[in-house]
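Undergrad: Residue numbers (our numbering): 181 to 570.
Cβ coordinates follow ideal geometry from the N, Cα and C atoms, glycine included.
For clarity, every value in this text was computed on a predicted model and none was experimentally measured.
I have a structure I would like to understand better, so I am pasting it below and will then ask my questions one at a time.
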Amino acid sequence: MTAPLPGPSFYDVRGRGFPRRAPLADGWDWIDRRIAAPAARVLPVSDCGGSRLADAVAALGDWPPADRAAVDGYAVAAADTLGAGSYNPVPLTAAVAVSAGDPLPAGCDAVIPYEAAQAVGPFIEAIDAVAPGSGVERQGAWTAAGSPLLPAGRRLRPGDLGLLAAAGHDTVSVLPAPRVRILIAGGPRAGAPEQVAAMLAALVGRDGGGVEAVEVVAADADALAEAFARPGADLILSAGRTGTGSDDVAAPALARAGSIDLHGIAMRPGGSAGLGVAGAVPVLLLPGEPMAALAAYELLAGRAVRRAAGLPADLPHATVRAVTVRKLVSEIGCLDLHRVRLDGDGRVEPVASPGWPGLAAAARAGGFVLIGADSEGVPDGVPVTMYRFD
181 MTAPLPGPSF
191 YDVRGRGFPR
201 RAPLADGWDW
211 IDRRIAAPAA
221 RVLPVSDCGG
231 SRLADAVAAL
241 GDWPPADRAA
251 VDGYAVAAAD
261 TLGAGSYNPV
271 PLTAAVAVSA
281 GDPLPAGCDA
291 VIPYEAAQAV
301 GPFIEAIDAV
311 APGSGVERQG
321 AWTAAGSPLL
331 PAGRRLRPGD
341 LGLLAAAGHD
351 TVSVLPAPRV
361 RILIAGGPRA
371 GAPEQVAAML
381 AALVGRDGGG
391 VEAVEVVAAD
401 ADALAEAFAR
411 PGADLILSAG
421 RTGTGSDDVA
431 APALARAGSI
441 DLHGIAMRPG
451 GSAGLGVAGA
461 VPVLLLPGEP
471 MAALAAYELL
481 AGRAVRRAAG
491 LPADLPHATV
501 RAVTVRKLVS
511 EIGCLDLHRV
521 RLDGDGRVEP
531 VASPGWPGLA
541 AAARAGGFVL
551 IGADSEGVPD
561 GVPVTMYRFD
């Protein structure tokens, strides 16, 4: 079925160009007003891998719940091994064979390993002495009842699930990962669709999202509008067909499926990005050229994913202050993302120009530097903040 035509307020930039590009701050404000953390859900611990804790969690009981063997051997009273040695074996009349993890039998306060004992017929002899507590894991050694286990916001790893179960938790309250649909609109002009899809999927995972689907959609407004409107996603990222060419159908398609509120952001690369809504689902339009898509994700879409995941909205990258090797050129009125690396002396050098994207340059880059829209660039020898990719 043909989607409805865009409303009268939609400005189609195809063949006309962008009348203006909104400041990046306007995009951030749009995201912050429309996207919030999901409601917490209580799930079985076994189903929570990769989810983030909604609340801090404390231990419900001691772990271990009782004194237990830490090694395989014989549970004994340490005093019964006094004076034992290889030339003076001491009979152990009350020794009990145990495996690591077994509760310590009453009357025992140590575990003598098999290597320090010998069997003589039906009897066990110690050939080395052990001290009280040797080979024993005490009650509450890992965690005591009521002690903090994991903080709110932690992304649960497999080991965390084991700890939660050991501390008595069958269920926990988590923030479900937002379901992010990735659409490749007709495939990017510069390269195969999998280039952009692979990058975006990895970035969504980094920022706490879950990929609901990755789809390559024909460069057709009706097909793309249908993909925007289909239920099942909490957030949609669409890469490609965002510019001013006749086949740049992403913005018209979003206007048909719902609304496009911003189209054109004053940043390089990635200036043809846009934001809108399909139904109740936020949609972010990213350029199809891989490096423009990467920049638009880092500066715009990533913020949306992090907010939807209940994470801090700001850039997640570690930063370092370093001096520029040569001038970083910029343009007044446009925020520039310069991909850079640190040279052998720890100085920042550019690996590509914002206006000349490229995958090879991205692979060489160790991070990026942002130059504000009010600047014509940064001279050589000036300290800058580098946002690191790792």
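Starting from proline 470, trace the alpha helix (DSSP H) both ways and give me its first and last residue.
TA: Its alpha helix (DSSP H) spans residues 470-476.
Undergrad: Quick check on the burial criterion: 16 or more other C-beta atoms within 10 angstroms. Buried or exposed for isoleucine 574?
TA: This structure cannot settle anything about residue 574, because the visible part of the chain is limited to 181 through 570.
Undergrad: Among Ser439, Gly423 and Ile445, which one has its Cα closest to the Cα of alanine 409?
TA: For alanine 409, the nearest C-alpha among the options comes from Ser439.
Undergrad: Nearest to alanine 324 by alpha carbon, out of Trp243, Gly385, Ser266 and Ile362?
TA: That would be Trp243, whose Cα lies nearest to the Cα of alanine 324.
Undergrad: Per DSSP, what kind of secondary structure is alanine 290 in: helix, strand or coil?
TA: Correct three-state label for alanine 290: strand.
Undergrad: Keeping to the same chain, check which residues put their C-beta closer than 6 Å to that of serine 353; ignore five residues upstream and five downstream.
TA: Contacts found: Ala220, Val222, Ala234 and Asp235.
Undergrad: Whose C-alpha, out of Leu464, Ala332 and Pro496, is nearest the C-alpha of valine 360?
TA: Of Leu464, Ala332 and Pro496, the residue nearest in Cα terms is Leu464.
Undergrad: What are the boundary residues of the alpha helix (DSSP H) that phenylalanine 408 is part of?
TA: It spans 401-409 - the alpha helix (DSSP H) in which phenylalanine 408 sits, taken as one unbroken run.
Undergrad: For aspartate 206, tell me which candidate among Met471, Leu515 and Pro530 has the shortest Cα-Cα distance.
TA: The option with the nearest alpha carbon to aspartate 206 is Leu515.
Undergrad: For aspartate 340, which residues from the same chain have a beta carbon less than 8 Å from its beta carbon, with the 5 sequence-adjacent residues on both sides left out?
TA: Contacts found: Leu330 and Arg334.
Undergrad: Between the beta-carbon of alanine 472 and the beta-carbon of aspartate 427, is there less than 7 Å?
TA: No, Cβ-Cβ distance for alanine 472 and aspartate 427 is not below 7 Å.
Undergrad: Kindly indicate the opening and closing residues of the beta strand (DSSP E) around aspartate 441.
TA: Residues 438-443.
Undergrad: CA-CA distance, proline 467 and histidine 443?
TA: C-alpha separation (whole angstroms): 11 Å.
Undergrad: Would a C-beta distance cut-off of 7 Å place arginine 232 and proline 462 closer than the cut-off?
TA: No, these two residues do not count as a Cβ contact at 7 Å.
Undergrad: Over the uninterrupted alpha helix (DSSP H) stretch that includes aspartate 340, give me the two end residues.
TA: 338-346 is the extent of the alpha helix (DSSP H) around aspartate 340.
Undergrad: With 16 as the cutoff for other CB atoms within 10 Å, does glutamate 469 come out buried or exposed?
TA: The residue is buried, with at least 16 neighbouring Cβ atoms inside 10 Å.
Undergrad: Based on DSSP bridge pairs, tell me the residues matched to histidine 518.
TA: Histidine 518 pairs with Val549.
Undergrad: From the DSSP output, read off the bridge partner residues of glutamine 298.
TA: Note: glutamine 298 sits in a beta bridge opposite Glu305.
Undergrad: Which residues in the same chain as valine 531 place their Cβ atom closer than 7 Å to its Cβ, once the five residues preceding and following it in sequence are excluded?
TA: Only Arg519, Val520, Arg521, Ala541, Arg544 and Ala545 meet the Cβ criterion.
Undergrad: According to DSSP, is glycine 195 helix, strand or coil?
TA: Glycine 195 falls in the coil class under three-state DSSP.
Undergrad: Go ahead and pull the three-state DSSP assignment for tryptophan 210.
TA: Three-state result, tryptophan 210: helix.
Undergrad: What whole-angstrom Cβ distance do glycine 388 and alanine 347 have, given they're in contact under 8 Å?
TA: Not confirmed; about 24 Å, so no contact.
Undergrad: Buried or exposed: valine 300, going by 16 or more other Cβ atoms within 10 Å of its Cβ?
TA: So valine 300 ends up on the exposed side.
Undergrad: Out of Ala460, Pro328, Val256 and Pro285, which one is the CA nearest neighbour of alanine 296?
TA: When each option's Cα is compared against that of alanine 296, the closest is Val256.
Undergrad: Apart from the five residues on each side of it in sequence, which residues of its chain come closer than 8 Å, Cβ to Cβ, to arginine 196?
TA: So the qualifying residues of the chain are Thr424.
Undergrad: For alanine 382, collect the residues of the same chain with a Cβ closer than 8 Å to its Cβ; drop the 5 residues on either side in sequence, then sort them by chain order.
TA: Excluding sequence neighbours, alanine 382 sits near nothing in its chain.
Undergrad: Suppose contacts are defined by Cβ-Cβ distances below 7 Å. Is proline 508 in contact with valine 558 by that definition?
TA: Looking at the sequence shown, residue 508 is not proline but leucine. Cβ distance < 7 Å, so leucine 508 and valine 558 count as in contact.
Undergrad: What's the call for glutamate 556, buried or exposed, on a 16-neighbour Cβ count within 10 Å?
TA: The residue in question, glutamate 556, is exposed, as its Cβ has fewer than 16 Cβ neighbours within 10 Å.
Undergrad: Go ahead and pull the three-state DSSP assignment for threonine 565.
TA: Strand, per DSSP.
Undergrad: With DSSP as the reference, label valine 376 as helix, strand or coil.
TA: Three-state DSSP puts valine 376 in a helix.
Undergrad: Do alanine 314 and alanine 286 have their C-beta atoms within less than 7 Å of each other?
TA: It should be pointed out that residue 314 corresponds to serine in this sequence rather than to alanine. Going by C-beta atoms, serine 314 is not nearer than 7 Å to alanine 286.
Undergrad: My guess is that alanine 145 and arginine 568 are in contact by the Cβ rule of under 8 Å, so how many angstroms apart are they, rounded?
TA: With the chain running from 181 to 570 in the structure shown, residue 145 is simply not present.
Undergrad: Less than 7 Å between the C-beta atoms of isoleucine 571 and tyrosine 254, yes or no?
TA: The chain is shown only over 181 to 570; residue 571 falls outside these bounds and no answer can be derived.
Undergrad: Kindly indicate the opening and closing residues of the beta strand (DSSP E) around leucine 539.
TA: Careful: leucine 539 lies outside any beta strand (DSSP E), inside the alpha helix (DSSP H) at 539-544.
Undergrad: Runs of 3 residues minimum, wholly inside the region 209-277: which ones carry the beta strand (DSSP E) assignment?
TA: Segments of the beta strand (DSSP E) lying fully in the region 209-277: 221-224 and 253-256.
Undergrad: Do alanine 249 and alanine 280 have their C-beta atoms closer together than 7 Å?
TA: Yes. Within cutoff.
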